[in-house]
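Asker:
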Ligand code: IVH
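Residue numbers (this note's numbering): 65 to 734.
1. With a cut-off of 8 Å on the beta carbons, I'd call residue 235 and residue 320 a contact; round off their distance for me.
2. Alpha carbon to alpha carbon, what distance is there between residue 502 and residue 476?
3. Would you check if the distance between the CB atom of residue 461 and the CB atom of residue 434 is smaller than 8 Å?
4. Using 10 angstroms around the beta-carbon of residue 609, count the other beta-carbons present and answer buried if the total reaches 16, otherwise exposed.
5. Cutting at 7 Å between CB atoms, please list the residues of its own chain near residue 91, excluding the five before and the five after it.
6. So does the stretch 182-190 actually touch the stretch 223-242, counting three or more Cβ pairs closer than 8 Å?
7. Let me know the secondary structure DSSP gives residue 348 once reduced to three states.
8. DSSP state of residue 662, grouped into three classes?
9. By DSSP's criteria, residue 396 is part of a beta bridge. Which residues make up the other side?
10. CA-CA distance, residue 571 and residue 509?
11. So what's residue 48 in DSSP terms, helix, strand or just coil?
12. Classify residue 489: buried if its beta carbon has 16 or more other beta carbons within 10 angstroms, exposed otherwise.
13. Relative to the ligand IVH, is the shortest distance from any of its heavy atoms to the C-beta of residue 183 smaller than 7 Å?
14. Looking only at its chain, what residues have a beta carbon closer than 7 Å to the beta carbon of residue 733, apart from the 5 residues adjacent to it on each side?
15. Should the stretch 243-256 be regarded as contacting the stretch 211-228, the criterion being three or more beta carbon pairs within less than 8 Å?
16. For the pair the stretch 691-707 and the stretch 656-675, tell me if three or more CB-CB distances fall below 8 Å.
17. On a Cα-Cα basis, can you pick out the residue from 390, 643, 586 that is closest to residue 407?
18. Taking the CB atoms as reference points, tell me whether residue 31 and residue 437 lie closer together than 8 Å.
19. What distance in whole Å lies between the Cβ atoms of residue 593 and residue 584, which are believed to be in contact at a cut-off of 8 Å?
20. To the nearest angstrom, report how far apart residue 381 and residue 155 are at their CA atoms.
21. Hey, is residue 203 close to the ligand IVH, as in C-beta under 7 Å from one of its heavy atoms?
22. Say yes only if the C-beta of residue 359 is nearer than 7 Å to one or more non-hydrogen atoms of the ligand IVH, and no if none qualify.
23. Going by the DSSP bridge assignment, what does residue 462 pair with across the sheet?
24. Leaving out five residues before and five after residue 261 in sequence, what residues of the same chain have Cβ atoms less than 8 Å from its Cβ?
25. Locate the alpha helix (DSSP H) running through residue 576, then write down its first and last residues.
26. Quick check on residue 155: does DSSP put it in helix, strand or coil?
27. Alpha carbon to alpha carbon, what distance is there between residue 607 and residue 682?
28. Note the first and the last residue of the continuous alpha helix (DSSP H) segment covering residue 639.
29. With burial defined as no fewer than 16 other Cβ atoms inside 10 Å of the residue's Cβ, what is the status of residue 227: buried or exposed?
30. To the nearest whole angstrom, what separates the beta carbons of residue 233 and residue 296, a pair I think is in contact under 8 Å?
31. Return yes when at least one heavy atom of the ligand IVH lies under 7 Å from the C-beta of residue 716, else no.
32. Could you check whether residue 445 and residue 383 sit closer than 8 Å to each other, using their CB atoms as the reference points?
33. Under 7 Å from any heavy atom of the ligand IVH, does the C-beta of residue 180 make it?
34. Select from 426, 152, 634 the residue whose C-alpha is nearest the C-alpha of residue 536.
35. Taking the C-alpha atoms as reference points, what is the distance between residue 157 and residue 148?
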């Protein structure tokens with residue numbers, strides 16, 4: 065090849081890249097495409113062809129690098145240079161008025177505020193070095209996140225390179241989300257393939273960002289709005305947040321078009337109310353608004369608590385309300401045998417989502433509401449929570465409505481039912497009730513638990529109906545032959561499910577504990593237990609007293625956990641699973657952090673939820689306990705401390721106040 069044709073190809077490659085980037089901006093950022101999809105694909109194909117011919121000319125920021133690369137084994141950890149804080153939540157107009165007034169008092173002058181939609185997605189940090197996309201990470205615990213660069217690169221609205229003149233280092237923070245339309249489409253595909261459905265667009269976005277195969281993420285159609293700066297080197301001389309957002313736009317980032325700047329409280333409150341209607345029409349979920357002080361120099365003056373800045377706060381929208389007719393009531397039998405009434409409703413659109421079912425919690429609730437079949441009812445839906453019936457429109461009654469009858473036998477197995485001690489829950493007495501087994505397996509395979517790809521509700525039903533699975537341990541002796549005996553199962557589907565089952569053999573300990581369905585132990589408690597004990601063996605050895613000492617576990621959970629591990633049925637299932645190759649990964653215990661080996665006890669009212677304070681301690685390698693002993697290193701006293709601070713004094717344990725605690729944990733954390 066002559067030099068001339070090489071140079072020519074190189075120039076064409078450059079031109080094509082610029083051209084594609086320009087059209088990416090028109091399409092993904094400005095929402096205003098200038099060419100047809102076919103014309104765009106033609107440019108893309110031309111570029112791919114030339115890059116194939118000259119692989120040495122491929123650059124990391126070429127648009128062709130967005131289709132995803134080879135699958136990876138796991139994500140490496142990223143320590144955030146500036147912590148990724150969360151936001152103070154408020155729920156009423158009055159809260160917002162007070163928050164603004166307090167800030168004005170502190171600042172002692174009238175200031176502007178920027179009001180932004182609060183996108184219900186996944187917070188990410190995007191780092192650019194010398195104008196090139198260098199690192200993208202999740203928020204994680206705010207201090208340390210995961211490196212998800214490969215997945216973020218597949219999102220077209222995230223630029224891979226910035227125009228000339230961009231700072232040496234630029235970190236921007238934003239929200240990755242999935243549009244309502246893409247979410248519905250994804251769930252439709254999942255249900256066709258018998259996979260578990262995602263509960264809401266946020267979970268779908270989070271799941272897509274944590275896929276180990278970025279080529280799959282590329283297909284998930286994620287999008288991103290940026291809304292905040294992180295590290296900028298050399299420091300920028302931009303004075304206001306609003307101008308910073310303008311600057312982000314100039315650099316090619318996507319900034320939400322509904323962000324406004326206001327001077328007065330009334331204007332802000334009006335905009336919040338106006339937007340609570342507008343959001344229903346948007347193609348993405350907005351769960352509130354964020355109000356930020358505009359002048360950046362005031363961030364320092366106002367400062368931050370450990371969890372959230374004082375210069376910003378979130379206003380969460382009230383639940384959306386709608387009306388529907390109650391058509392019938394189904395009775396579902398849960399994993400623990402509890403019978404739950406579920407309402408079938410006339411389809412009603414609330415917050416841009418069609419609702420056909422709502423929970424009625426229990427039969428006491430039905431009596432309390434006096435809700436009858438045929439009634440017109442109020443339904444409320446807040447974010448990702450299951451919609452619920454909150455009242456009856458009695459003026460619409462015709463007299464033909466029918467009372468909902470309490471079941472006297474289990475609707476699935478016909479066994480007797482009994483009421484629990486509180487006389488509220490109705491429970492099926494048959495521990496072998498097929499519904500309990502089915503729900504138990506569904507829970508075990510669900511995303512928050514063992515996350516078995518391909519084992520959604522339909523597949524679980526088939527497996528239990530055909531008696532292929534009589535306990536969760538049986539999942540691990542399924543083979544191709546057994547699966548091919550099921551209706552709708554062909555070679556590919558069977559192999560995919562076996563692959564999903566195999567992958568679940570090495571889930572984290574916290575997912576495994578959540579999957580086991582220990583009474584009273586959900587996702588959060590499972591996580592706490594996993595970090596405290598590191599391995600299943602350690603946890604199984606723990607006495608109820610030791611368990612009860614753990615912050616946020618308490619006596620009730622502690623005895624439930626101990627009881628669960630004493631059951632011979634538990635022991636049998638655990639042994640079988642171990643024999644069948646299920647080996648949960650020990651939790652990573654942060655040993656190196658600056659609080660490694662230190663134990664904290666909190667007492668009295670502290671200005672943040674205890675759970676959050678414990679998370680901060682854990683993120684720095686320390687532990688939290690709920691009782692003071694000679695082994696305690698620090699007792700942190702809040703307002704109205706209890707007997708723990710007296711005990712600490714008696715034992716000579718160091719006592720510090722919350723401010724001292726904040727000082728201790730802030731800084732670079734190394
Ligand atoms: S600012 C230090 N602005 O909401 C302030 N956050 O509940 C950092 N979020 O972790 C956040 N839209 O993931 C900010 N316009 C917006 C936002 C936003 C969504 C998310 C973000 C944050 C969470 C807090």
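Beta carbons: idealized from backbone N, C-alpha and C, even for Gly.
Answerer: Checking against the coordinates, here is how it stands:
1. 19 Å between Cβ atoms; not a contact.
2. Taking the Cα positions, residue 476 is about 11 Å away from residue 502.
3. No.
4. Around the beta-carbon of residue 609, fewer than 16 other beta-carbon atoms lie within 10 Å, marking it exposed.
5. Within the same chain, 97 come within 7 Å of residue 91 by CB-CB distance, once the 5 residues on both sides are set aside.
6. Contact holds between the stretch 182-190 and the stretch 223-242, because three or more Cβ pairs, one in each stretch, are under 8 Å apart.
7. Note: residue 348 maps to coil in three-state DSSP.
8. Here residue 662 sits in coil by DSSP.
9. Per DSSP, 404.
10. C-alpha of residue 571 to C-alpha of residue 509: approximately 11 Å in a straight line.
11. This structure does not reach residue 48, given that the chain is present from 65 up to 734, and the question cannot be answered.
12. Flag for residue 489 reads buried.
13. Result yes, Cβ under 7 Å from the ligand IVH.
14. Confidence is the limiting factor: at residue 733 the pLDDT is only 35, short of 50, which leaves the residue's position unreliable and the question unanswerable from this model.
15. Touching, no.
16. Flag = yes, the stretch 691-707 and the stretch 656-675 touch.
17. Here the closest residue by C-alpha is 390.
18. One cannot answer for residue 31 here, as it falls past the ends of the chain, which runs 65 to 734.
19. Here residue 584 is actually not in contact with residue 593; their C-beta atoms are around 12 Å apart, not less than 8 Å.
20. Rounded to whole angstroms, residue 381 to residue 155 spans 7 Å at the Cα level.
21. It does: the Cβ of residue 203 is within 7 Å (strictly closer) of some heavy atom of the ligand IVH.
22. No - the ligand IVH has no heavy atom lying nearer than 7 Å to the Cβ of residue 359.
23. Secondary-structure assignment with DSSP links residue 462 through no beta bridge to anything.
24. Answer for residue 261: 251, 254, 255, 520, listed in chain order.
25. 573-579 is the span of the alpha helix (DSSP H), which, as asked, contains residue 576.
26. Residue state, collapsed to three classes: coil.
27. Rounded to whole angstroms, residue 682 to residue 607 spans 22 Å at the Cα level.
28. It spans 632-643 - the alpha helix (DSSP H) in which residue 639 sits, taken as one unbroken run.
29. Exposed is the call here.
30. A Cβ-Cβ distance of about 7 Å is found for the pair residue 233 and residue 296, placing them in contact under the 8 Å criterion.
31. Residue 716 has its Cβ no nearer than 7 Å to any heavy atom of the ligand IVH.
32. Yes, Cβ-Cβ distance for residue 383 and residue 445 is below 8 Å.
33. At a cut-off of 7 Å, the beta-carbon of residue 180 counts as near the ligand IVH: some heavy atom of the ligand is closer than that.
34. Distances from the alpha-carbon of residue 536 to those of 426, 152, 634 put 634 closest.
35. Note on geometry: alpha-carbon atoms of residue 157 and residue 148 lie some 26 Å from one another.
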